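To keep things clear, I will list the structure first and then write my remarks on it.
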Amino acid sequence: MKTDIEIARETKLNKIEDVAEKLGVPRDEVQNYGRYIAKVPIHLIDKKEMEKHNLILVSAITPNKAGVGKTTVSIGLSLGLNKIGKKAVVAL
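Quick note: the sequence shown uses the working numbering, first residue 27, plus one each step.
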């Protein structure tokens with residue numbers, strides 16, 4: 027089994043502009059902090075639209091020998107939801 031660092035080094039990161047575009051965030055509203063991190067203004071949140079969506083909060087987990095924790099579960103959950111056609115975003 028590969029180590030965490032090997033997996034991390036092999037991973038292809040998506041540029042934050044591409045992620046923002048996929049989510050419908052206008053480019054001029056994205057405040058870049060490098061190539062892979064950004065902030066977006068809170069005024070972009072449509073409260074009426076938010077009521078139609080769900081929030082899954084991963085706040086605690088029982089540790090195990092495989093090292094699977096909150097981050098791994100959160101990323102896996104996001105990937106799985108996207109795989110079945112749900113629009114999912116994870117914030118760490």
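Cβ coordinates follow ideal geometry from the N, Cα and C atoms, glycine included.
If you're wondering where the values come from, they're calculated on a predicted model, not measured in any experiment.
> Is it the case that the Cβ atoms of Glu43 and Arg53 are separated by a distance below 8 Å?
Replying inline: Working through the sequence shown from its first residue, we reach residue 43 at position 17. Working through the sequence shown from its first residue, we reach residue 53 at position 27. Going by C-beta atoms, Glu43 is nearer than 8 Å to Arg53.
> So, are the CB atoms of Ser100 and Val116 less than 8 Å apart?
Replying inline: Taking the first residue of the sequence shown as 1, we reach residue 100 at position 74. Taking the first residue of the sequence shown as 1, we reach residue 116 at position 90. Judged by beta-carbon spacing, Val116 lies within the 8 Å limit of Ser100, meaning their Cβ atoms are closer than that value.
> For Ile31, which residues from the same chain have a beta carbon less than 7 Å from its beta carbon, with the 5 sequence-adjacent residues on both sides left out?
Replying inline: Counting from 1 along the sequence shown, the entry for residue 31 is found at position 5. When the five nearest sequence neighbours on each side are left out, no beta carbon in the same chain lies closer than 7 Å to the beta carbon of Ile31.
>> What would DSSP say about Ala117, mapped onto helix, strand or coil?
In response: For this step, residue 117 is matched to residue 91 along the sequence shown. Three-state result, Ala117: coil.
> From Ser104 to Asn80, what does the alpha carbon distance come to, in whole angstroms?
Replying inline: Within the sequence shown, numbered from 1, the residue matching residue 104 stands at position 78. Within the sequence shown, numbered from 1, the residue matching residue 80 stands at position 54. Across the structure, Ser104 and Asn80 are spaced so that their CA atoms are roughly 13 Å apart.
> For Thr97 versus Leu118, is the C-beta spacing smaller than 8 Å?
Replying inline: Locating residue 97 in the sequence shown gives position 71, counting from the first residue. Locating residue 118 in the sequence shown gives position 92, counting from the first residue. Taking a C-beta distance under 8 Å as the contact criterion, Thr97 and Leu118 qualify as a contact pair.
> Going by Cα to Cα distance, which pick from Thr37, Gly111 and Val51 is closest to His69?
Replying inline: Locating residue 69 in the sequence shown gives position 43, where the first residue counts as 1. The residue with the shortest Cα to Cα distance from His69 is Val51.
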